[in-house]
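Contents: one structure, followed by commentary.
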Amino acid sequence: MKYTYSLCLLLGFVLFSFTAKAQLAAHLIPKPQQVTALQQKPVSLTAKSTIHYEPAFASQATYLQELLKAQTGLTLTLAPLSAGKAVNGGIVLRKDAKTATRKEMYVLESGNNTVILKAQDVNGVVYGIQTLLQLLPLQKVTQVQVEPVKIVDYPQFAYRGMHLDVVRHTFPLEFIKKYIDYLAFHKFNNFHWHLTDDQGWRIEIKSYPKLNTIGSYRDSTLIGHFFDKPVRYNPKRYGGYFTQEEVKEVIKYAQVRGINIIPEIDIPGHSRATIAAYPAFSTHPDTTWNVAYTWGMYNRQNNVLAPRPETFKFLKTVFEEVADLFPSPYIHIGGDETSKMWWKASPQAQEFIKKHNLKDEKGLQTYFVEQVAGYLAKKNKKIIGWHEIMEGELDTTTIVMNWANDKKGIEAAMRKHPVIMTPSHPLYFNQYQSKTKADSLQIPGYSPLDAVYNYKPIPDALVGKPEEKYIMGAQGNVWTEYIPTVKQVEYMIFPRMTALSEALWSNPKHKNFEDFKRRLEKTAVPRYKSWNTNYFKDYANWTLQNK
Ligand code: ACM
């Protein structure tokens, strides 16, 4: 009797400790597709444990080793897997397309003394690593226990992006890498790097060096809001650019983390920095243009390229140089807010339109887009353009990035373009997230956390239609006119980026804002703190209800 009682106590204790340990899987963010608790003992990991890895995942094994050390203080040993040899103990990163049957999928199984992570590609293994790290304590220890669990997980959408404008304000290389770490944690797979605009060129271009010596710097910057009267400027030279060596370093860093980098070179509008460097490409070649020092140039100041032979030679050379640098299958060519008034007023542009049988200035815009698409096709790259490029007829392989409402996204999908949704509401994270004074210096528009969390990339009108498949996913954008510092970028993206990660990764049937907020507190906020990042703390009190 006494013996049975003790056994019961012992069993109860063991079961209790199992369930107590099984809690971390309940806090994962973004929420996985499937989590099943296993009736096994937790797996112990110590500094004596090994990370066994398939050679294809060698860089990810090192990445896991570094993250594990940073999080827990444990440095595990690395060992390549030998073919056909079973492993007992530690962590195993295995390439296995039979188990992980989809792209970017992972299957994580913890039990029998071993944590096994299976994926068919680098992205899958990176996401499994992120999940595994969330199953471990965020503190320095000598031993950790991974709860016995099986997680089968894959993304809802193929394209999960974050954008950063480094033109209006620029940020150190170290922060760009940190941003990529933030993306990796949240299982995003694309970083859209907005590198050129009216206010500066931020990438080294060797074939046209004045883009950097002249185009990368402005003499002055607007103070306060664009709408403020009187207008005031800070007369301090501002600028800089990323060298190609730095760009290569960032690309390599991102590749290890399963992140594709899409550079954006914005043409044929948003080109004031270009014409400041090379006035010959403007509609008034005799003019000396300044790099812009105010925001919102559209229909206010001339910032378009003129359709001259030397302009097209320039575009071909520069886009080829950019294409050679970035392994991305897509290059973003901008195409937004191309003011037609400067072309209307230019006899040379009008003559070009006539000579090439173009319908009008919109036809000229399409001509620019098609020329660049052609240069890039020879480099095996597709183009992405903002939705305004649909003003003309386009090749259906052109990817449309829609920054307007659902209507434009539906139009693009019905025209059989792959679409990336990034509607300004709620996915411009430079819209304000509260109505407090701290958020007043942003672009108009209120996009609090629940608006982002509840965002559905597929517009209702497309659900169940064959064209639904054209919606690749969505992206959060960060335009930095009013975001001059790293701390402010972080404040604007967190926690909204965490909410977006779940809107793009998780099964919509599992979405629940209250449960998300619980996991945000449990899992994401402690990470923000461990990264020493800034974030908007009062998110729970600001919802769409606060009209
Ligand atoms: C944009 O906001 N002009 C893409």
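Residues in the sequence shown are numbered from 1032 upward in steps of one, following the numbering used here. The beta-carbon is built from N, C-alpha and C at its ideal position, and this holds for glycine as well.
Given that a residue counts as buried once 16 or more other Cβ atoms are within 10 Å of its Cβ, and exposed if not, what is residue i?
i, result
"Lys1149", "buried"
"Gly1231", "buried"
"Val1494", "exposed"
"Tyr1486", "buried"
"Pro1488", "buried"
"Gln1070", "exposed"
"His1387", "exposed"
"Ser1561", "exposed"
"Thr1103", "buried"
"Asn1333", "buried"
"Met1372", "exposed"
"Leu1407", "buried"
"Pro1299", "buried"
"Asp1184", "buried"
"Asp1569", "exposed"
"Phe1350", "buried"
"Asp1297", "buried"
"Asn1411", "exposed"
"Thr1244", "exposed"
"Thr1035", "Only weak support exists for where Thr1035 lies, its pLDDT of 49 falling under 50; the value from the coordinates is given anyway. The residue is exposed, with fewer than 16 neighbouring Cβ atoms inside 10 Å."
"Phe1044", "In this prediction, Phe1044 has a pLDDT of 44, which is less than 50 and means its spatial position is unreliable; what the coordinates show is noted afterwards. Its Cβ having fewer than 16 others within 10 Å, Phe1044 is exposed."
"Glu1276", "exposed"
"Gly1365", "buried"
"Lys1218", "buried"
"Phe1273", "buried"
Starting from residue i, trace the beta strand (DSSP E) in both directions and tell me its first and last residue.
i, result
"Val1118", "First-last for Val1118: undefined, no H or E at that position."
"His1083", "Thr1081 to Tyr1084"
"Ser1075", "Val1074 to Thr1077"
"Thr1108", "Thr1108 to Pro1111"
"Asp1184", "Val1180 to Asp1184"
"Lys1413", "Lys1413 to Trp1417"
"Leu1148", "Thr1145 to Ala1150"
"Val1556", "Here Val1556 belongs to no beta strand (DSSP E); instead the alpha helix (DSSP H) covers Val1556 to Ser1561."
"Leu1139", "Tyr1137 to Gly1142"
"Ile1060", "Unbroken run through Ile1060: none, as it is neither H nor E."
"Gln1176", "Gln1174 to Val1177"
"Val1431", "Ile1430 to Asn1433"
"Ile1451", "Val1450 to Met1452"
Could you spell out where the alpha helix (DSSP H) holding residue i opens and where it closes?
i, result
"Thr1093", "Ala1089 to Thr1103"
"Leu1531", "Arg1527 to Trp1536"
"Tyr1158", "Val1153 to Gln1165"
"Met1445", "Asp1437 to Met1445"
"Pro1465", "Reading off the sequence shown, one finds Ser at residue 1465, where the question assumed Pro. Careful: Ser1465 lies outside any alpha helix (DSSP H) and carries neither H nor E."
"Leu1458", "Ser1455 to Leu1458"
"Glu1545", "Phe1544 to Arg1550"
Compute the beta-carbon to beta-carbon distance between residue i and residue j, rounded to the nearest angstrom, for a pair I have assumed lies under 8 Å.
i, j, result
"Tyr1513", "Phe1567", "In fact, because the Cβ distance is near 15 Å, the residues do not count as touching under 8 Å."
"Thr1081", "Gly1115", "Actually they are not in contact, since the Cβ atoms of Thr1081 and Gly1115 sit about 18 Å apart, beyond 8 Å."
"Tyr1239", "Tyr1137", "So it is not a contact: roughly 43 Å between Cβ atoms."
"Ile1415", "Ile1293", "7 Å"
"Val1322", "Gly1246", "6 Å"
"Ser1361", "Lys1283", "According to the sequence provided, residue 1361 is Tyr. The question's Ser does not apply to it. Not quite, the Cβ-Cβ distance comes to about 19 Å (not below 8 Å), so this is no contact."
"Thr1252", "Tyr1324", "5 Å"
"Ile1147", "Arg1125", "6 Å"
"Trp1326", "Arg1199", "7 Å"
"Leu1098", "Leu1164", "6 Å"
"Gln1091", "Val1156", "5 Å"
"Ser1478", "His1456", "5 Å"
Taking 7 Å as the cut-off, does the CB of residue i come closer than this to any heavy atom belonging to the ligand ATP?
i, result
"Asp1367", "Among the ligands present in this structure, namely the ligand ACM, the ligand ATP is not found."
*Could you give the uninterrupted runs of the alpha helix (DSSP H) lying entirely in the stretch 1469-1523, keeping only those of 4 residues or more?*
1480-1484
_Under 8 Å, with one C-beta from each stretch per pair, do the stretch 1072-1079 and the stretch 1167-1176 reach the 3-pair mark?_
yes
*Which full runs of the beta strand (DSSP E) of 3+ residues lie inside the stretch 1338-1411, going along the chain?*
1361-1365
*What are the complete alpha helix (DSSP H) segments, minimum 4 residues, inside the stretch 1187-1231?*
1204-1216
*What are the start and end residues of each continuous beta strand (DSSP E) run of 3 or more residues lying completely inside the stretch 1222-1292, in chain order?*
1252-1254 and 1263-1265
*Give a yes or no on contact between the stretch 1419-1434 and the stretch 1474-1485, applying the rule of three or more CB pairs nearer than 8 Å.*
no
*Any chance the stretch 1497-1509 sits against the stretch 1463-1475, with 3 or more Cβ pairs inside 8 Å?*
no
*Below 8 Å, can you find three or more Cβ-Cβ pairs linking the stretch 1295-1305 to the stretch 1218-1234?*
yes
*Assess, as a yes-or-no matter, whether the stretch 1549-1559 is touched by the stretch 1055-1064 under the definition of 3 or more beta carbon pairs within less than 8 Å.*
yes
*Quick one: any contact between the stretch 1523-1536 and the stretch 1455-1463, if contact means 3 or more CB pairs under 8 Å?*
yes
*asked:* If contact is defined by three or more beta carbon pairs under 8 Å, each pair taking one atom from either stretch, is the stretch 1395-1413 in contact with the stretch 1188-1204?
replied: no
*Entirely enclosed alpha helix (DSSP H) segments - the stretch 1298-1323, minimum 4 residues*: 1303-1308
*asked:* Across the stretch 1311-1320 and the stretch 1259-1270, are there enough close Cβ pairs to call them in contact, namely three or more that are closer than 8 Å?
replied: no
_Three-pair Cβ contact test at 8 Å for the stretch 1095-1102 versus the stretch 1157-1170_ = yes
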